[in-house]
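Have a look at the structure below before the remarks.
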Amino acid sequence: LKLIGQRWYYFKDPWNIFDCCIVIFSLVCWGVEDLMTTLPVPPTTIRIVRLFRVGRVLRLVKSARGIRTLLFALIVSLPALFNVALLLFLTAFVYSIVGMSFFGKVAYYAGIDAEFNFETFPQAFIIL
Numbered sequence: 001l002k003l004i005g006q007r008w009y010y011f012k013d014p015w016n017i018f019d020c021c022i023v024i025f026s027l028v029c030w031g032v033e034d035l036m037t038t039l040p041v042p043p044t045t046i047r048i049v050r051l052f053r054v055g056r057v058l059r060l061v062k063s064a065r066g067i068r069t070l071l072f073a074l075i076v077s078l079p080a081l082f083n084v085a086l087l088l089f090l091t092a093f094v095y096s097i098v099g100m101s102f103f104g105k106v107a108y109y110a111g112i113d114a115e116f117n118f119e120t121f122p123q124a125f126i127i128l
């Protein structure tokens, strides 16, 4: 619609050109997906082209001050989020070891089977 309204002026803005290329690539990928079985194109190539769709979000970040503020706050808080995730991992690690020591030799019954038990560390960690 924007292309119809602005005609050739649409292509003077680099973001509009980028947006147009993404739409064209998306349409090409959509058409090629049906032909994937007959064409010798690796699926990774199509996935890489799809990755460029994320670039459309950059256009929003440029124009919207609120989104830019939110993304900046997220980037600034990443170290704190990493510390919280590390603390959560450490807690699950300790409780997995405690669960193995208390419940590692429990016989199978009701909800305890070969898949869900505390016999090994990976199983205990996944259960938590």
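All residue numbers for the sequence shown refer to the UniProt record's numbering, where the first residue is 1 and numbers rise by one.
We put the CB at the ideal spot given by N, CA and C, even for glycine.
{"Asked": "Can you tell me which of the three DSSP states TYR109 falls into?", "Found": "strand"}
{"Asked": "In angstroms with no decimal places, state the Cα-to-Cα distance between PHE82 and TYR95.", "Found": "20 Å"}
{"Asked": "So, is GLY99 buried or exposed, given that buried needs 16 or more other C-beta atoms within 10 angstroms?", "Found": "buried"}
{"Asked": "Looking at GLY104: is its Cβ nearer than 8 Å to the Cβ of GLU115?", "Found": "no"}
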